[in-house]
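Everything on this sheet refers to the single structure shown next.
Protein chains in written order, with my numbering: chain S, 11 to 251; chain H, 11 to 251.
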């Protein structure tokens, strides 16, 4: 009997926004694995605080690099690929011994994120994925306004895209979600401006986490340092009886 | 003391994919309101089966029309607007008497859906919205493949859009989600074909519900009658170490 890997989405941050299923799997886990940056506790592990059963074994998987090597450097992919292969070997050692492993994922496991790099390397049929509330759902809920109405087109954009690509998509869609903000905030702001959407843009930090803030993007200082957990939302204005 | 309205997302269908918070609010509710088509039980109410406490009062809100009047007819908006105003009056009568009301919402309340038409008519600060796992998350999870990688652009499209608009967005984005399928399936198929995306499209019915099916859209018969709970997914192919 081989064990299974459960990739469970923990949702946007508030432990109450975890699904009942993720909560059940987590509180019944014997092995819990999670990614983290070396030397940090890790956001996924932090979300699981108080829910991992006593006696469960924790398996941190520490990224060998995060931003030290640029994405465009071929070594980045090589180093990360070797890392994911190694993580999968560790998980496989557990499942081959008959144990189930719960892998903690921030947000929804199949929506961006890192878990999918393990998923595609694990044997087909050996993994169950539990979807979750996304960070973007928490962000638009935090703005207190529905994000899409009627036939609105919604596009999700990464702030790492080049400005021309961002502008083109920002013009084309009705509702917008921009993630991976960080140092890309000035570029995102400029693209929104070029697309005529800056005045309608909201900026949310730490949605559904302690320290949540919501403001018009136009009120955010030019030199503001955006944390990892920041999202820009432009609401659609579609049909509304 | 006036009561509050809680718009709780119930998620995609599987009761275990409800959030812990929605579950807590639902199982502690004294008043539960939900939309339904006249003469039907209603999907939202069905999802709450076995979770509404004994003695709680149920408040069905029955749509005066669904597809009997075309969306383009001005009477459609008039009739629905009067209906939502009436629903809000019913909720306000409860909250003014000091009672909290839980309003059941399919999927995520602020992502398409009907709850937002109540939300915008209720006094500011009197409503709390609980985000949820979306139907699209359940659909891409059901395909067994991550929907977005790296810097993929994801667009969410309604099948009710005209074919040229659908085609344009299907060409522009990396990952696609198409909802509101029903009688629009032939048009959606044709737009995907024109955009060169048909071969990569998956068709999911009843994601995270009993009777879930997943197949390549190209394998779905031309004359297939798509139910309300059907979603088309095209996965992004972005950066993957």
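Each residue gets a CB set at the ideal place from its N, CA and C atoms; glycine is no exception.
Extent of the continuous alpha helix (DSSP H) to which residue i belongs
{"i": "residue 263 of chain S", "result": "This structure cannot settle anything about residue 263 of chain S, because the visible part of chain S is limited to 11 through 251."}
{"i": "residue 173 of chain H", "result": "173 to 182"}
{"i": "residue 32 of chain S", "result": "30 to 37"}
{"i": "residue 197 of chain H", "result": "195 to 204"}
{"i": "residue 147 of chain S", "result": "145 to 152"}
Contacts around residue i, its chain only, beta-carbon distance under 6 Å, and the 5 residues preceding and following it disregarded
{"i": "residue 73 of chain H", "result": "47"}
{"i": "residue 191 of chain H", "result": "169, 236, 240"}
{"i": "residue 224 of chain S", "result": "152, 153, 214"}
{"i": "residue 84 of chain S", "result": "none"}
{"i": "residue 211 of chain S", "result": "202, 227, 242, 244"}
{"i": "residue 155 of chain S", "result": "245"}
{"i": "residue 219 of chain S", "result": "23"}
{"i": "residue 28 of chain S", "result": "20, 21"}
{"i": "residue 61 of chain H", "result": "36, 37"}
Residue burial classification, residue i (beta-carbon count within 10 angstroms, cutoff 16)
{"i": "residue 141 of chain H", "result": "buried"}
{"i": "residue 11 of chain H", "result": "exposed"}
{"i": "residue 235 of chain H", "result": "exposed"}
{"i": "residue 226 of chain S", "result": "exposed"}
{"i": "residue 177 of chain H", "result": "buried"}
{"i": "residue 199 of chain S", "result": "buried"}
{"i": "residue 22 of chain S", "result": "buried"}
{"i": "residue 216 of chain S", "result": "buried"}
{"i": "residue 82 of chain S", "result": "exposed"}
{"i": "residue 43 of chain H", "result": "buried"}
{"i": "residue 184 of chain H", "result": "buried"}
{"i": "residue 122 of chain S", "result": "buried"}
{"i": "residue 49 of chain S", "result": "exposed"}
Close-in-space but distant-in-sequence residues of the same chain around residue i (CB under 8 Å, 5 per side omitted)
{"i": "residue 132 of chain S", "result": "15, 98, 101, 102"}
{"i": "residue 136 of chain S", "result": "12, 14, 15, 105"}
{"i": "residue 221 of chain H", "result": "215"}
Residue-chain proximity (residue i, chain S), Cβ-Cβ < 8 Å
{"i": "residue 26 of chain H", "result": "yes"}
{"i": "residue 126 of chain H", "result": "yes"}
{"i": "residue 120 of chain H", "result": "yes"}
{"i": "residue 59 of chain H", "result": "no"}
{"i": "residue 203 of chain H", "result": "no"}
{"i": "residue 159 of chain H", "result": "yes"}
{"i": "residue 250 of chain H", "result": "yes"}
For residue i, the nearest candidate out of the options (CA to CA)
{"i": "residue 241 of chain S", "options": "S:52, S:209, S:229, S:186", "result": "S:186"}
{"i": "residue 144 of chain H", "options": "S:188, S:118, S:18", "result": "S:118"}
{"i": "residue 65 of chain H", "options": "H:40, H:45, H:78", "result": "H:40"}
{"i": "residue 38 of chain S", "options": "S:24, S:55, S:86, S:112", "result": "S:112"}
{"i": "residue 129 of chain H", "options": "H:149, H:147, H:152, H:94", "result": "H:94"}
{"i": "residue 68 of chain H", "options": "H:80, H:114, H:209", "result": "H:114"}
{"i": "residue 36 of chain S", "options": "H:35, H:57, H:30", "result": "H:30"}
{"i": "residue 149 of chain S", "options": "H:232, H:171, H:120", "result": "H:120"}
{"i": "residue 163 of chain S", "options": "S:182, S:171, S:155, S:147", "result": "S:182"}
{"i": "residue 147 of chain H", "options": "H:166, H:34, H:139, H:204", "result": "H:166"}
{"i": "residue 18 of chain H", "options": "H:189, H:139, H:92", "result": "H:139"}
Short CB-CB distance (under 8 Å) between residue i and chain H
{"i": "residue 194 of chain S", "result": "no"}
{"i": "residue 31 of chain S", "result": "yes"}
{"i": "residue 183 of chain S", "result": "yes"}
{"i": "residue 91 of chain S", "result": "yes"}
{"i": "residue 46 of chain S", "result": "no"}
{"i": "residue 73 of chain S", "result": "no"}
Start-to-end residues for the beta strand (DSSP E) that takes in residue i
{"i": "residue 254 of chain S", "result": "With chain S covering only 11 through 251, there is no way to say anything about residue 254 of chain S."}
{"i": "residue 212 of chain S", "result": "211 to 215"}
{"i": "residue 19 of chain S", "result": "15 to 19"}
{"i": "residue 128 of chain H", "result": "From DSSP, residue 128 of chain H is part of no beta strand (DSSP E) but of the alpha helix (DSSP H) over 125 to 129."}
{"i": "residue 165 of chain S", "result": "164 to 168"}
{"i": "residue 225 of chain H", "result": "223 to 226"}
Beta-carbon proximity list for residue i, same chain, < 7 Å, skipping 5 on both sides
{"i": "residue 45 of chain S", "result": "52, 54, 71, 73, 124"}
{"i": "residue 109 of chain S", "result": "13, 40, 41"}
{"i": "residue 161 of chain S", "result": "248, 249"}
{"i": "residue 201 of chain S", "result": "173, 176, 177, 180"}
Proximity test, residue i beta-carbon vs the ligand ZN heavy atom, cut-off 7 Å
{"i": "residue 35 of chain H", "result": "Within the structure as shown, the ligand ZN is missing, as the structure has no ligands at all."}
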